[in-house]
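Undergrad: Below you'll find the structure I mean.
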Amino acid sequence: MIQSIAHVALEVPDMDKAFDFYCGIMGFTHKRTLYNADGSPSIQFLEIAPGQMMELFYAEAPKVADASWYRHVCLFVSNVQEEVARIRALGAPIDVEPCIGKSGFWLAYTRDPFGNAIELMDPVPAAEQA
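Every number in our numbering is 331 more than the matching position in the sequence shown, counting from 1.
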């Protein structure tokens, strides 16, 4: 039985920009690095929250937009408005301002430096916050 998401995996063309965004702006923590047989880094593991990980793969070559099934990563946050203000102040774009989504939860959208969409969602339904 599936209980939760173990990790999200993204291939990124610039690991420094990825670290600046995911660790510096989003507040994730670098946990470990996996290496190729030749000693070069292969995968960086970032902890989103306890038990929730993101794998960042080094892009091997420039790609055409072929991530046809990728939509977004959704992250629970304690207060969408405060989180949007925090990450905006650190330079991240806000593509969708805080609003109540079809699900009845407060949400907003940002994106990483490579255009990958990130949904920020308050885990408490908006109706229960009134």
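C-beta atoms are modelled at their ideal positions from N, C-alpha and C, and glycine is treated no differently.
On the three-state DSSP scale, how would you describe residue 462?
TA: Since the first residue of the chain shown is 332 and the last is 461, residue 462 is not available in this structure.
Undergrad: Report the CB separation of residue 457 from residue 431 in whole angstroms; it is logged as a contact under 8 Å.
TA: 5 Å
Undergrad: With DSSP run on the structure shown, which of helix, strand or coil describes residue 398?
TA: Here the model assigns residue 398 a pLDDT of 48, short of 50, so the residue's position is not dependable, and the following value carries that caveat. Coil.
Undergrad: Secondary structure at residue 280, three-state DSSP: helix, strand or coil?
TA: Residue numbering for the chain in the displayed model covers 332 to 461; residue 280 lies beyond these limits and cannot be assessed.
Undergrad: Three Cβ pairs or more, each shorter than 8 Å: is that satisfied between the segment 403–416 and the segment 441–457?
TA: Yes, the segment 403–416 touches the segment 441–457.
Undergrad: Cα separation between residue 378 and residue 445?
TA: Cα-Cα distance, rounded: 19 Å.
Undergrad: Terminal residues of the continuous alpha helix (DSSP H) containing residue 459?
TA: For residue 459, the enclosing alpha helix (DSSP H) starts and ends at 457–460.
Undergrad: If I measure Cβ to Cβ from residue 398 and keep anything under 6 Å in the same chain, skipping five residues before and after, which residues do I get?
TA: Here the model assigns residue 398 a pLDDT of 48, short of 50, so the residue's position is not dependable, and the following value carries that caveat. Here the set comprises nothing.
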